[in-house]
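In my numbering, the protein residues as written are 7 to 321. Notes for the one structure printed next.
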Amino acid sequence: MSFTAEVKNQICGAQWKTCCRKVQLAALIQMCSTMNITSQGMHIRIQSEHANTAKHIWKLLKEFYQVEPQLSVLRKIKLKKNNIYVIRVNSRALEILKDLGIYTEQGLQTHIPARMLRRDCCAQGYLAGAFLAGGSVNAPQTTNYHLEISVGEETLAKFLCRLMNRFYLPAKVIKRRNQHVVYLKASDKIADFLRMCKANDALFEFEDSRIQRDFLNSLTRLDNCELANEMKSLSAARRQLEDIEWILNYRSLDSLSPKLQHVIEVRRAHPEASMNELCERCYEEYGEQISKSGMKHRLAKLREMADQLRAHTDE
7 MSFTAEVKNQ ICGAQWKTCC RKVQLAALIQ MCSTMNITSQ GMHIRIQSEH ANTAKHIWKL
67 LKEFYQVEPQ LSVLRKIKLK KNNIYVIRVN SRALEILKDL GIYTEQGLQT HIPARMLRRD
127 CCAQGYLAGA FLAGGSVNAP QTTNYHLEIS VGEETLAKFL CRLMNRFYLP AKVIKRRNQH
187 VVYLKASDKI ADFLRMCKAN DALFEFEDSR IQRDFLNSLT RLDNCELANE MKSLSAARRQ
247 LEDIEWILNY RSLDSLSPKL QHVIEVRRAH PEASMNELCE RCYEEYGEQI SKSGMKHRLA
307 KLREMADQLR AHTDE
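Put into structure tokens, the structure is as follows:
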């Protein structure tokens with residue numbers, strides 16, 4: 007089962023208030039249905055590829071409108087060849103659309119009235135219904151985080167975007183072929199959306215995977231940082247040894263000051279030592295306490311002497 011299917015199953019199985027269930031049904035009918043008028047009257051045809059979503063719609067219709075929806079199952083013959091669940095409502099179709107705010111005297115509406123979503127719980131229920139209708143979310147084990155809701159109308163997409171922004175979910179809208187897609191990319195905001203939709207088990211799985219990935223990424227960054235520092239130290243030590251060789255080719259060790267002699271001796275004896283380790287060796291071997299900045303100063307002095315000798319040789 008895909009992670010998206012798990013999330014939808016948990017939304018359908020969650021405990022929602024009556025008002026929230028009603029706006030969920032409104033979102034599902036608005037995004038998943040077509041209205042047909044025949045000689046027998048008006049009827050609504052609702053379809054979904056997710057079995058529990060279809061069952062959820064069927065139960066909500068019976069709960070609120072005491073109708074007897076007809077359920078049929080079709081099978082795709084292309085691509086994944088999965089089932090399509092079709093619910094047909096033949097009675098009270100117009101009454102249902104009017105009660106849900108989808109149809110008014112001005113005709114079909116792109117979204118339900120704002121008054122139906124004044125309460126935060128209803129707005130969250132509507133977004134959960136929209137996700138059931140056209141949503142998907144990447145599994146947390148994948149390389150990127152992405153949650154989206156696809157709708158046919160740009161006006162509805164912008165309405166969903168504003169509704170998500172109301173809960174500090176920075177959704178954006180793009181057009182993909184003939185669909186308008188409302189999407190979230192930030193992992194913490196996707197977690198907030200799952201929490202809002204009461205997909206608690208999916209939320210725990212998502213957060214657990216996210217924490218593990220972030221932890222492993224932090225370890226990798228630390229390892230890379232330590233490796234880079236080590237390579238940098240080795241490269242600096244190699245240059246310092248080259249400088250020392252240049253100096254000793256032209257001058258005797260005794261001609262240098264004792265402080266420089268100490269640095270040369272410990273560097274030659276410990277070619278892979280870090281700056282801090284050189285300071286410790288100076289103290290252990292010569293009883294001289296020297297700071298890291300003092301060691302850098304002496305090595306810079308050796309570099310300056312070596313550069314002067316190189317310049318003199320080039321002349």
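Every residue, glycine too, gets a C-beta built ideally from N, C-alpha and C.
Mapping DSSP to helix, strand and coil, what is residue i?
i	result
residue 153	strand
residue 186	strand
residue 10	helix
residue 89	strand
residue 59	helix
residue 148	coil
residue 296	coil
residue 72	coil
residue 21	coil
residue 158	coil
residue 43	strand
residue 130	helix
residue 49	strand
Can you list, in chain order, the residues of its chain whose CB lies under 8 Å from that of residue i, leaving out five sequence neighbours each side?
i	result
residue 47	96, 99
residue 171	177
residue 158	37, 184, 185, 186
residue 276	283, 284, 287
According to the Cβ coordinates, are residue i and residue j closer than 7 Å?
i	j	result
residue 43	residue 134	no
residue 92	residue 130	no
residue 268	residue 288	yes
residue 142	residue 154	yes
residue 156	residue 185	yes
residue 166	residue 188	yes
residue 127	residue 29	no
residue 215	residue 112	no
residue 212	residue 197	yes
residue 195	residue 175	yes
residue 164	residue 20	no
Kindly give me the distance between the Cβ atoms of residue i and residue j, rounded to whole angstroms, as I take these residues to be in contact under 8 Å.
i	j	result
residue 332	residue 132	Only positions 7 to 321 of the chain appear in the structure, and residue 332 is not among them; the question remains open.
residue 270	residue 259	7 Å
residue 315	residue 273	Going by Cβ atoms, the distance from residue 315 to residue 273 rounds to 17 Å, so no, they are not a contact pair.
residue 118	residue 107	4 Å
residue 192	residue 9	With 8 Å as the limit, residue 192 and residue 9 do not qualify as a contact, their Cβ atoms being about 17 Å apart.
residue 94	residue 51	5 Å
residue 27	residue 66	6 Å
residue 278	residue 243	6 Å
Go through its chain and collect everything with a Cβ distance to residue i's Cβ below 7 Å, but skip five positions before and after it.
i	result
residue 14	56, 58, 59, 138
residue 249	308, 309, 312
residue 239	280
residue 40	51
residue 150	144
residue 266	304, 307, 308
Just to confirm my understanding: we take residue i, look at its own chain, exclude 5 residues before and 5 after, and list those with CB closer than 6 Å. What are they?
i	result
residue 101	none
May I ask whether a heavy atom of the ligand ATP can be found less than 6 Å away from the beta carbon of residue i?
i	result
residue 105	Within the structure as shown, the ligand ATP is missing, as the structure has no ligands at all.
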